[in-house]
Every structure is written in structure tokens, then in C-alpha cells.
Amino acid sequence: MEDSTFYTRKTKGYEIKDVAKAVILSLESKLHLIPAHQVRGGSSIDQQLIKTLVFGGSNAEMTMSRKIIEVLDSHSLATRYSRNEILQAYLDSIRLTSETIGVRAAYSDLFGDSDMTKLNASSSESIARTAFMAGLGQAPTQYTTN
Numbered sequence: 000m001e002d003s004t005f006y007t008r009k010t011k012g013y014e015i016k017d018v019a020k021a022v023i024l025s026l027e028s029k030l031h032l033i034p035a036h037q038v039r040g041g042s043s044i045d046q047q048l049i050k051t052l053v054f055g056g057s058n059a060e061m062t063m064s065r066k067i068i069e070v071l072d073s074h075s076l077a078t079r080y081s082r083n084e085i086l087q088a089y090l091d092s093i094r095l096t097s098e099t100i101g102v103r104a105a106y107s108d109l110f111g112d113s114d115m116t117k118l119n120a121s122s123s124e125s126i127a128r129t130a131f132m133a134g135l136g137q138a139p140t141q142y143t144t145n
């Protein structure tokens, strides 16, 4: 699950325990107490949207000051826009294949169909397509050939 507390958390834009855990893991990695591959982002959808819009989605320069900027900007974003507006912007900005940006573009590219309104919860093909698309967010280029 990308951000299981997106609709339920009380803080706007971030989950403090996830940010704290990410900071601790990052420090432990820098001190060589844990391997770098064990460090995880801990970013909310709001923070990921800020990372995409402000920093171009790059993790290359992840510093404490940048993480603080992400938290402050995500809080500002969450106080100005509804959760649905933020989610829509996030879904329109994520890279799900190497060639596309946004869920609609990826759906069209992968399945040759731009009309997602045809998806039907009782259709096994629709369920399979939806599940495949949901899984792409974790490792976009791992499951696609383009």
C-alpha cells in the first residue's frame, strides 16, 4: 500500500512516525549501522507529489534539509487542497512505465485503450488490469517492456 493513512491521518501532508522512522534509518545507514538498501522513504502521497513537482521525482540528493522541505511543502499542499485533488494530481504525475507519466497514459500505453471508464468490477480482465496497474507503482520498469 502506497500510503495507507492518506484519507485517515490527522496530520496534513505527512505521517510523523513514518518521517521519523525514515530519518532514523537514514542516519543508521550513514553511520554504517545498517545496509543502505534497508533505508526506505516513509513518504506520504502528498510528499511524493511534492518530490515529483518540486524535485523532479529524483532521490539523488536526499538530504535532511530536502526531507524537511518535503514535509513543510506537503503540509502546505494538504491545507490548500482536498485529499481527492491531491490524489488526482499524484495519479496524473506518477511514472508507471518508462514511456508514460500518469495512470491514464500508462493504461492507454499498456492496454491500447484510453477509456478507463470501461473498467468493470465484475470483469476478470478489468480486475487483472487494475491489479497490474496498482503493482506498477512499486517498481514501474520491472514489469513493463517499453
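In numbering that gives the first Met the number 0, the protein residues as written are 0 to 145.
From the three backbone atoms N, C-alpha and C, an ideal C-beta is built for every residue, glycine too.
These numbers come from a predicted model, not from an experiment.
Grab the span of the alpha helix (DSSP H) containing residue i for me, first residue to last.
i          : result
residue 23 : 15-29
residue 44 : 44-54
residue 78 : 63-79
Given a cut-off of 7 Å on the beta-carbon distance, is the pair residue i and residue j in contact?
i           : j           : result
residue 91  : residue 43  : no
residue 77  : residue 11  : yes
residue 100 : residue 94  : yes
residue 49  : residue 17  : no
residue 107 : residue 113 : yes
residue 13  : residue 47  : no
residue 125 : residue 135 : no
residue 82  : residue 6   : yes
residue 184 : residue 105 : Absent from the model: residue 184. The displayed extent of the chain is 0 to 145, so no value can be given.
Consult DSSP for residue i and reduce its assignment to one of helix, strand or coil.
i           : result
residue 9   : coil
residue 95  : coil
residue 3   : coil
residue 138 : coil
residue 90  : helix
residue 85  : helix
residue 109 : helix
Mind listing, in chain order, the continuous alpha helix (DSSP H) runs of no fewer than 4 residues lying wholly within the stretch 111-136? 123-135
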